[in-house]
Every structure is written in structure tokens, then in C-alpha cells.
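**Student:**
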Amino acid sequence: MNEPTAYDYRRETAAVEVHHPTPIVPAHTAPMVPVHPGSIPAVASVVLPDGRVVTGYAIEPAKPEPVATKPVVSRTAVNIALGGIGFGAVCGGLVLLTTFIAALAALIHQLIILAAVIFGGWIAVQVFSASGHHGGNTFHIRKAVIKRNHFHG
0 MNEPTAYDYR RETAAVEVHH PTPIVPAHTA PMVPVHPGSI PAVASVVLPD GRVVTGYAIE
60 PAKPEPVATK PVVSRTAVNI ALGGIGFGAV CGGLVLLTTF IAALAALIHQ LIILAAVIFG
120 GWIAVQVFSA SGHHGGNTFH IRKAVIKRNH FHG
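Everything in the sequence shown is counted per numbering that gives the first Met the number 0, starting at 0 for the first residue and increasing by one.
(1) For V42, list the residues DSSP reports as bridge partners.
(2) Grouping DSSP H, G and I as helix and E and B as strand, with all else coil, what is G92?
(3) Does DSSP classify A67 as helix, strand or coil?
(4) Is the beta carbon of V53 less than 8 angstroms from the beta carbon of V42?
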């Protein structure tokens with residue numbers, strides 16, 4: 000199927016037509032723009048090993064963008080340090096808060112004791128007073144006059 004075939008010399012050959020390309024003429028040339036002499040780049044010539052000279056403008060190598068430098072201390076470390084300072088500042092307030100709560104508890108304790116003493120004293124006065132009702136039978140003692148061994152009441 001893909002075997003080489005013998006070339007047939009008896010075939011007729013067609014006449015060969017040659018086409019030559021037409022050169023393209025530019026429609027217009029670019030206008031010359033006046034340039035300051037200081038802004039024209041220098042022309043460099045390089046001699047190749049085979050003796051040819053190549054002339055062209057020197058191209059400045061592309062400068063890489065400056066890489067952002069990392070800070071000496073990481074942001075995480077700074078945040079942890081600031082958190083520690085804040086916690087230390089709060090601890091002083093917490094100590095004052097616990098001192099205040101302890102003082103308030105002592106004040107309430109003293110007020111309860113004072114109320115018990117006052118209320119207990121009032122109860123004692125009520126119980127042991129002579130004008131109070133003692134329960135049982137009530138006797139009204141009048142001024143008695145005793146004459147000649149005889150009681151007049």
C-alpha cells in the first residue's frame with residue numbers, strides 16, 4: 000500500500016510559470032521630530048568574530064522592581080507584645096477591682112452586724128421594759144393604807 004512506486008517518465012510536464020513579487024513602496028515616511036542632543040542615545044558598534052560590524056543603539060538593561068523589604072520584627076510579634084502591654088495595664092485595674100469588691104463585701108458585712116446589734120437592742124428593750132405586756136394576770140396595786148393591823152385597799 001505504501002510501497003514506493005516507479006516514476007513514470009512518460010507523463011507530460013506542464014509549463015512552469017514564475018511570478019516575481021512586486022516591491023511595496025511605503026505611502027509616506029515618518030516625519031522627523033526635533034530631539035534635544037542630550038536625549039539621543041549613544042550608538043554602539045560591535046565587531047563580530049567573523050569581521051562583520053553591527054551598529055545599533057545601546058539598550059539599557061531592564062532594572063528589576065525593588066523588592067519590598069520585610070520589617071525586622073514581624074507584625075505578629077508586635078501584636079503579641081502590644082497585647083501583653085495591654086493585659087499588664089488591665090491587671091492593675093483588675094487588682095483595684097478585686098480590692099474594691101473586697102472592701103464592699105467588708106462594708107456590707109459591717110452593716111449587717113450593725114443592723115443586728117441595733118435591732119437586737121431594740122428587741123431587748125421591748126422585752127425587758129416595764130411598760131410592756133408580760134402575759135398572764137394583771138394586778139393593779141393601789142396605795143394601801145394599813146391602820147391598826149387592818150388592810151384598807
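Built from N, CA and C at the ideal position, the CB exists for glycine as well. Note that the structure is predicted; figures quoted are calculated from it, not measured.
**Tutor:** In brief:
(1) Y56
(2) helix
(3) coil
(4) no
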